[in-house]
Structures are given as C-alpha cells and as structure tokens.
C-alpha cells in the first residue's frame, strides 16, 4: 500500500493505492481511494474500480472537513510597499512556495509567531511564484526565507533561509526584536 498527500490551491488531496488484486470474475485490478472536498464541504472517499463493480455509481463516506489555515497575512508585490515598508511595527516577511516542503514544515511555526508576537511584530507571507519582481528585488535565493523589515529597510543580519523549529524561531525573533527596539 502506498499513500501520498498533496495540496493544490489550498485543496488537500490524498491518494492511497493498494496493490493489484483479483476479483472473482476478472483480471488483476488495482484499487485507489481518493480524498477530496467537494463544494459542499464534505470529504468523499471512493474507489473508481470497486465503485462500478460492487456499489453502483454513487457511493461514499462523508467525514468532517478539515481546512488549512494561515494566520499570517498573505500579500503580493503590489501591497509590499504599504504593508511592509510603511509599517509602524517591524514586519517579518516569509517568502514561500506551495511546492516547497520546508515551507510547509515551517508554516505552523510562523503562524504561531504571528499570534505570539502580534503586539510587537507583523508577519506576512509572500508567494515566490506569484511575485517574481519582489523575489528579485529582495534577492531571495532559497525557500523559505525570513527577512525582518523595520522603517522601510531590511534589518541587518535578519535574513534566514530554511525551516527552523519553534524554539529557534523564538530565539531568532527575540534577539532581532531586542536589537530593533534598542535602536
């Protein structure tokens, strides 16, 4: 049995494949269960091969839908000057991409930071693929990249690339915020 999980346009999709098996009156058949959420918010499990043979054309099991949430504000390169460069608070910018594994790993930690530091810091996310000019301007070469901006400029030594744990992010932010408030 093999299982994969993908996220496309914030839509979760899981595939579970079983090895081929013999049915009583047929050749080898494979079975694939899929999980998706239709527009009504239900999650449907189904097997195309077994559906026709054993259950007819419309069967499924409804389960509670889950959502992927983002507590940090997602902005575009058009919003960057207003939301980041002209902000009264320091702004932590996270450059991410949907296809980036380490970006998905660090996402819950960055969302935690946006709530934990909401009085001292703004946190925004910028999609790498949708904002090529901004990626070039900020010289982002790896993902995820975290950069702290204060008074319209990048804070020196604030750039970090790659995933990090919650403890490391807390140390990173506490150190940066101490230096920023001291100046």
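In our numbering, the protein residues as written are 313 to 495.
Glycine included, each C-beta is placed from N, C-alpha and C at the ideal position.
Model, not experiment: these values are computed from the prediction.
CA-to-CA distance, residue 421 to residue 476, given in whole angstroms: 8 Å
Who are the Cβ neighbours of residue 418 in its own chain at under 7 Å, not counting the five residues just before and after it? 456, 475, 476
Own chain partners of residue 401 with C-beta closer than 8 Å, once the 5 adjacent residues on each side are dropped: 432, 433, 434
What does a CB cutoff of less than 8 Å around residue 395 pick up in its chain, not counting 5 residues either side in sequence? 385, 387, 403, 434, 436
Determine the closest residue to residue 440 out of 393, 412, 430, 489, with distance taken between C-alpha atoms. 412
Since I believe residue 467 is in contact with residue 461 (beta carbons under 8 Å), could you give me their beta-carbon distance rounded to a whole number of angstroms? 7 Å
Can the beta-carbon of residue 426 be found less than 8 Å from the beta-carbon of residue 383? yes
Does DSSP put residue 354 in a helix, in a strand, or in coil? Note on residue 354: pLDDT 39, under 50, position unreliable in the model; no value is reported.
What is the DSSP secondary structure of residue 386, counted as helix, strand or coil? strand
Assuming residue 458 is part of the beta strand (DSSP E), what are its boundary residues? 457 to 462
Straight-line gap, residue 415 to residue 447 (C-alpha atoms, nearest Å): 15 Å
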